[in-house]
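In the numbering used here, the protein residues as written are 19 to 305.
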């Protein structure tokens with residue numbers, strides 16, 4: 019917190035520890051005390067055996083991994099012990115929001131297995147946890163908003179990974195069923211609240227009017243147009259600067275609209291590109 023970061027990202031487990039492990043209690047206590055937001059991202063899924071084909075670890079393993087992490091926090095009583103703890107889960111909370119009926123039913127019929135450390139119905143926590151919006155389906159996003167709450171879902175991009183949304187916020191923007199106020203909350207307001215930030219911190223005055231053209235110019239470099247031979251080379255030293263710049267500039271429309279920034283400075287974009295290229299050259303030389 020001394021560095022000014024409002025939160026940290028953690029994995030869905032730590033080696034053999036689930037998130038309810040006693041060894042992790044001091045971390046949750048400190049996060050609550052210092053109002054440090056936690057973002058949970060799945061990792062270390064099973065890669066071998068029946069999961070080694072069809073990209074299954076990423077397609078179905080990650081949602082299951084996230085649901086397991088959420089169940090451990092809830093059934094382990096972490097959210098009861100630390101009621102002010104702010105936790106957000108990636109990829110729309112994985113499978114958890116969409117299997118809450120099964121989870122609640124299991125809690126009710128087998129409390130001897132599910133309620134051994136926390137006797138609070140898991141459905142109670144739906145309005146307390148946060149998720150991102152990365153579900154890739156309008157029906158799923160509508161359900162997520164209804165289940166978690168429109169003030170608990172924040173823009174998720176997973177950019178620049180293949181399963182990410184290559185135009186962050188495109189799904190939200192395309193949904194006519196969402197009001198402008200809800201879209202604003204999903205694209206910016208909820209994230210600001212989760213991180214304890216104020217919109218005024220993102221107001222920029224005196225920026226160049228030509229920067230929007232700079233943004234559009236770089237934004238045209240879609241992932242599918244990158245000069246790569248296969249998926250494995252998408253993060254080569256030659257392409258990463260484009261991916262990073264694309265990630266920043268594709269978010270500019272949301273920053274402009276929802277954070278009140280009129281434009282992004284041409285000098286900033288230039289400095290960003292030079293910085294990334296120089297650092298990637300250094301990394302490439304070392305390896």
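Just so you know, even glycine gets a beta-carbon here, dropped at the ideal spot from N, CA and C.
Point to revise | Contacting residues, own chain, Cβ-Cβ under 6 angstroms from residue 175 (five flanking each side not counted) | key: 182, 183, 186
Exercise for review: Could you tell me the distance, in whole angstroms, from the CA atom of residue 74 to the CA atom of residue 148?
Suggested key: About 25 angstroms.
Review point. Between the C-alpha atoms of residue 180 and residue 61, what's the straight-line distance to the nearest angstrom?
Key: 16 angstroms
**Study point:** For residue 32, the three-state DSSP class (helix, strand or coil)
**Key:** Looking at residue 32 - three-state DSSP - the assignment turns out to be strand.
Check your understanding: Of the choices 157, 194, 151, 79, whose alpha-carbon is the least far from that of residue 206?
Key -> 151
Check your understanding: Can you tell me whether residue 221 is buried or exposed, with buried defined as 16 or more other CB within 10 angstroms of its CB?
Key -> exposed
Check your understanding: How close, in whole Å, do the beta carbons of residue 96 and residue 38 come, if the pair is a contact with beta carbons under 8 angstroms?
Key -> 6 angstroms
Check your understanding: Cα separation between residue 161 and residue 80?
Key -> C-alpha separation (whole angstroms): 19 angstroms.
Check your understanding: Can you tell which of 100, 41, 70 has the C-alpha that lies nearest to the C-alpha of residue 53?
Key -> 100
Review point. In terms of DSSP beta bridges, what is residue 55 paired with?
Key: 25
Practice item. Look at the alpha carbon of residue 167 and the alpha carbon of residue 49, and state the distance between them as a whole number of angstroms. Key: 23 angstroms
Practice item. Return the CA-CA distance between residue 276 and residue 92, expressed in angstroms with no decimal places. Key: Note that residue 276 scores 30 on pLDDT, short of 50, meaning its location in the model is unreliable; the coordinates nonetheless yield the value given after this. A direct Cα-Cα distance of roughly 33 angstroms separates residue 276 from residue 92.
Practice item. Return yes when the Cβ of residue 105 is within less than 8 angstroms of the Cβ of residue 56, no when it is not. Key: Yes, Cβ-Cβ distance for residue 56 and residue 105 is below 8 angstroms.
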